[in-house]
Structures are given as C-alpha cells and as structure tokens.
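Notes to accompany the following structure.
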Amino acid sequence: MYNKKLNLVLLGLALVAPFVLYPVFLMKVLCFALFACAFNLLLGFAGMLSFGHAVFLGTGAYVTGYVMTTYGLTPELGILAGVVMSALVGLVYGKLAVRREGIYFAMVTLALAQLAFFFFLQTPLTGGEDGLQGIPRGKLFGLIDLTDNMTMYYFVLAVFIIGFLTIYRTIHSPFGQVMKAIRENEPRAISLGYKVNQYKLMAFVISATLAGLAGSTKALVFQLASLTDVHWFMSGEVVLMTLLGGMGTIWGPVLGAAAIVSMQNFLASGPLANYIHVLMGVVFVICVLAFRNGLVGELQKVIRKNSG
Amino acid sequence: MATFFDINLFALFGQLLIGLINGSFYALLALGLAIIFGLLKIINFSQGALYMLGAFAAWIGLNYLGINYWWALVLVPLAVGAFGILLERTLIRPIANEDHLYSLLLTFGIALILQGLFTHWFGSSGLSYPMPDELMGGTRLPFMYLPNYRAWIIVFSLLVCAGTWFVIEKTRLGGYLRAGTENPRLMQAFGINVPLLVTLTYGFGVGLAGLAGVLAAPIYTVSPDMGSNILIVVFAIVVIGGMGSIGGAILTGLAMGIVEGLTKYFYPEASNTVIFLVMVLVLMVKPVGLFGKEA
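Protein chains in written order, with my numbering: chain Y, -8 to 299; chain U, 14 to 308.
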C-alpha cells in the first residue's frame, strides 16, 4: 500500500489541489493532518493515549503568534520559536505523565492540559478570550511574501511533508521498533533491558514537537491563536481524527483529519450547524463500537483478504 | 469584624465554606468514578455529563412536570441511574473485553452527545433553579453567616458518602462488590451474578452523579458545560487520591475542595489551577496517588 507510485500520485494531487479547492480549507486540512499524525505517533505506535494534546498545538500557535506580532520575526523563526517551546512543554509534561500508564496517563495529560488552558486564559500575553488576532504571515527567509494564499499553501504543504517524513522515519527506525515493542508488551521490553520510560518520554517529546509545528503553522494560516486551540475539546478532536482514520496506520490520521475538517466545514453552513458536537460524539461511539481499525485499517483488511 | 494577623476571618471562613461545598461535589463524583472503576476497570468520561443531566432533569421536572426539589432528589438519581444502566447494557457491555482505552473513548463520545444536545436545546448561557423554600435563610454564627442550603449540601453529601462507604466496606453486598473487584471470574464460579452486579454498580455510580446534579442545581447555574469543567478537576483528584480506596476518593475530594477554598482567599489567581498543581506535586513524590497501592 505504501508504494512509491501511490505516494507520487498523492503528491501530484496535493500540488494541483489548490487550483480546484479553496486553499484555506486545504491548509486547514494539512495542519490538522500533521497534528493528528503527531498524535498517532504516540497513540498508534507507542500505545499512549494523551487526552491533552491541544496544549502543544496551542503552545505552538500562541508562541509563534506572540513573537511574530511583537518582534516582527520572519515566519521560519516564528515557527522555530513555537516548536522549541512546544518541545520544552512536552519534555516537562512528558516527564510527569509517563509516571502513570493507561487510563491514568490519559487523565494526567487531560489535567495538565487544563492547567495550561488556565495559564493561557489568565496571562496578559495571550489576549485572554480574544486570543491573538491579526498575526502577520511575514516574508519567508525575508524573501517570499506569504500573504498570498496560494504561496502560503505550498509553504504549508512543505511543512506538512517535512513533518510527515519525520514521523515516517521515526516509526521505521530502531527507536520506532522499540516503541512498538513497548506498546505490545511493556514488561517484556523492560526485561529485555530497555529503559521503557525514557523511550516513552522521547516519543512524547517528538509527538509534542510536531504537534507544536502544526499549531505554529496553523497560527500563520489563520493569523489567529485562540483558546480554542488549547481547549480540551481540541484534544478530543484529534483523538477522533486518529480513531476515525485508523490509529497505528501511516495515512489514517491524514484521512481522518480530512474527513472531520470536511464534515465541520460542510455542516457549519447547513441546518445541522448546532449538531456538530453531537455528530462528533456519534462518530466517536460508532468508531469505538463497530470500526476500531478506522477507515484505513478496514481498507487494509479488505486489500489483504483479496490479495491473499 | 474579627481580624487575626491581618486575616479577615469572615472572608476566610466564607471561602472555606465554598471550598467545602465544592469538595462535597468532588467527593460525590470521585466516589462514583471510583466505584465504577473498581468493578468495570473503566474511567467513565460521561460522569460529568450525567451530573449535568441530573441538574437539567431537576430543572425540567420543576418547570414542566411540577416535581419539587425533594422529589427530584429521589427521582432524578433513579432516572439517571436507569439511563446509565441502559448505556451500560447497550454500549459499554459489548466492548467490555477490549482495551479499556476504548471504553474511555466511548464514554467521551457519549459525553459529547449529551453536552451537544443540551446546548442545542437550552443554549449555553444556563438556567437558574430556585432554592427550596424549606432551606431558605441562614444561621448567623460568631465568625460567619451560614446559609441553610449550603449547610444542607455539606451534611447531605457527607451522609451519602459515608453511607456508601459503609455499604461497600461493612456489608455482605459490599463484600461481593470488593470480591468482584479482586477476581470476577471466581465470583461467577461461586454463583454470584457478576454481569448483574456490574450493571447495578454502573447504575449506582452514575446515580451518584445525578444526585450531585440535583444538589448543585440551586446554587450553580444549570448549564450544558457544567459537567465537563468539574469532571477534569475530578480526574485530577482521582489521580491525586488513587482509585484503590473508596474512603480515599471521598477524603481527597473534600480535601481538595478545602485547598481550593484556601487558595481563593490567599492567592485567588491560582484558585483555578491549584488542584492541578497538587496533582503535579503528587506525581513527583508518590506517583501511585496518596491512597494508591503499588500495582
């Protein structure tokens, strides 16, 4: 399934997509796809369910927004600042959270995320309920003006590809193999001499860093960083994207993000606008009850059955 | 007014009282979570939504069906418990043998549905529920003014918590429950109907959330997001206390309410976050929780 031909076709589609579809919508999909991929690295490959991943998205968005607005940095430096800060928060939160496992891990990450939510709400740096508005996109490397949506789209696509390849390499590295071993049988990994908590922490930090990259990029796309980005609902949304697309698959989170963002865009203008949360809840319930492998996982099953 | 080392006792006791009330709600919700976790090994993410449901059920009962506060206090927990039993039988039971993370996600989905529906039906601004006539007014104590309804919340929820603790720790039924927590298969072999026990436990744990909702209706705004806000705090409390002991969940809930109240007096900026900070501290010092047992 992951052969070169398919990847080239997808790349080709991504390159021509903004001529067919609204570029801002596509950029939103790409940002959330990267966010979901980063989350999936943790849940799908290390078996850790974080219920507070919005913190890293939000930290990236707020820090990038703040330095771009206040210091007028170029976008690559703004994103770098956001990503570094997300990595640091990921290191601190990860150190605390890996002390617990399973559902306790989920509760700890959720509670830590709420702590960060109140910080972003109360600190004078973030504009409180209004958030940071009118964040300038700036000129990439001081040369390329990103104000135009088409230019911005190709920049976001490049960021997404870098992030996606990082995750792909991580999963297929020896480190990724150890991660999967821990997911499958943690006591065994310990008895084989792996320092399990250090591997878990590393996975957590990588995931947080890339989630921060998604948040920083998103802040530039929408020129906005707000409390929505750090709210627990956002943490739930990324879980849903990954679950719907197929956790533990490479392309699942991308598909899941595209599906959820499309659903939200489609519903936002229709008569069902009030029911978005209800529908997301319904999708959650259906996924868990009938569809645990997600879209890509089920597709893989069908393909395997037909070929074998 | 009495001041002591620059401390305004009147305000301090006022905040302590509010802390104790919040603590009562934390204790009720944490107790429900702990009971459900004990037997089902799942974290019920919809506990907050069912607390919200309890408050709304009381409001609807009063405004449309003429059910007064006292009847609501009896009927709403039963109704919410019955609703919980329905959820357990139809949705949670089928995935009981899967990874417990799935049941967490399932109950999260249920919470989203409930919160979304009530936001759609009643808006997000919230409704008010009148205080029952019998509990209007208050008592003037030497150091503070104690509204009767607030005293009632504390006394009543403490009684409910203590009663639940007694039933679980000291009676035969509680013995079954504790044995089921240890080894459900052996229990089944001894002829105890474990699936029924699981269903009833879930119904009871959820009923406690409904009860907390009715108690909360007259003093908090009845709004669709009242459940999600409190639930995250209760999760932190459950991490602090550890879910190994019923008494531990109750005590931690009350203690954290008081800690929050004290923080509101001494350093109000941190009152939203102090419980999470305590959780961080506990994770650093004793990761299994204050009452937790090493796995």
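Just so you know, even glycine gets a beta-carbon here, dropped at the ideal spot from N, CA and C.
Identification of residues in the stretch 8 to 33 of chain Y having a C-beta nearer than 9 Å to some C-beta of chain U yields an empty set.
With its beta carbon less than 8 Å from one in chain U, G227(Y) belongs to the interface. As DSSP reads the structure, A216(Y) sits in a beta bridge with L123(Y).
Interface with chain U (8 Å Cβ-Cβ cutoff): I153(Y) is excluded. Around Q255(Y), no beta-carbon contact reaches into chain U at under 7 Å, the shortest distance being about 13 Å. If you check the CB distance, Q168(Y) and T240(Y) do not come in under 8 Å. Ranking V147(Y), S226(Y), G35(Y), T233(Y) by CA distance to the CA of K191(Y) puts G35(Y) first. The C-alpha of L280(Y) lies about 13 Å from the C-alpha of E101(U). Within chain U, E282 have C-beta atoms less than 7 Å from the C-beta of Q113(Y), given in sequence order. Around P237(U), the same chain offers M65, Q128, F131, T132, F135, S137 as residues with beta carbons nearer than 7 Å, after the five sequence neighbours per side are excluded. Of all C-beta pairs linking the stretch 26 to 36 of chain U to the stretch 258 to 267 of chain Y, fewer than three are shorter than 8 Å, placing the two stretches out of contact. Nearest in C-alpha terms to Y53(Y), of all of E92(Y), D220(Y), Y159(Y), V230(Y), is D220(Y).
Under the 8 Å criterion on CB atoms, M292(U) is classed as interfacial with respect to chain Y. Cβ-Cβ separation between M225(Y) and A27(Y): approximately 11 Å, too far for a contact (criterion under 8 Å). The residue among G151(U), Y280(U), I167(U) with its C-alpha nearest the C-alpha of P160(U) is G151(U). The three-state secondary structure of Y64(U), taken from DSSP, is helix.
Bridge partners of D136(Y) according to DSSP: K130(Y).
Taking CB atoms only, S241(U) has a neighbour in chain Y less than 8 Å away.
Residue pairing of G151(U) in beta bridges, as defined by DSSP: P160(U). Neighbours of A249(U) across chain Y, judged by C-beta separation under 7 Å: A102. Of the other Cβ atoms in all chains shown, 16 or more fall within 10 Å of the Cβ of L190(U); this residue is therefore buried.
In the displayed model, N21(U) falls within a strand according to three-state DSSP. With a threshold of 8 Å between beta carbons, Q189(Y) makes no contact with chain U. For A230(U), the closest of L171(U), N35(U), V246(U), V173(U) by C-alpha to C-alpha distance is N35(U). V252(Y) has no beta-bridge partner at all, per DSSP. Excluding the 5 residues flanking it on each side, F38(U) has same chain C-beta neighbours closer than 7 Å at A225, A229, I243, in chain order.
Residues of the stretch 236 to 265 of chain Y with a C-beta atom less than 9 Å from some C-beta of chain U are N265, listed in chain order. Residue environment analysis places Y57(Y) among the buried positions, since at least 16 neighbouring C-beta atoms fall within 10 angstroms of its C-beta.
For L267(U), there are no neighbours in chain Y by C-beta distance under 7 Å, as the nearest C-beta there is about 19 Å away. In chain order, H268, V269, G272 make up the part of chain Y whose C-beta sits under 9 Å from the C-beta of Q128(U). Leaving aside the five residues that flank I80(U) on each side, the residues in its chain whose CB is nearer than 7 Å to its CB run, in chain order, G74, L88. Residue-level contact check: Q105(Y) touches chain U, since one or more beta carbons of chain U fall below 8 Å from its beta carbon.
Beta-bridge pairing by DSSP links L140(U) to V235(U). Closest in C-alpha terms to I277(Y), from the list G122(U), L42(U), L46(U), comes G122(U).
Under the three-state reduction of DSSP output, G3(Y) falls in the helix class.
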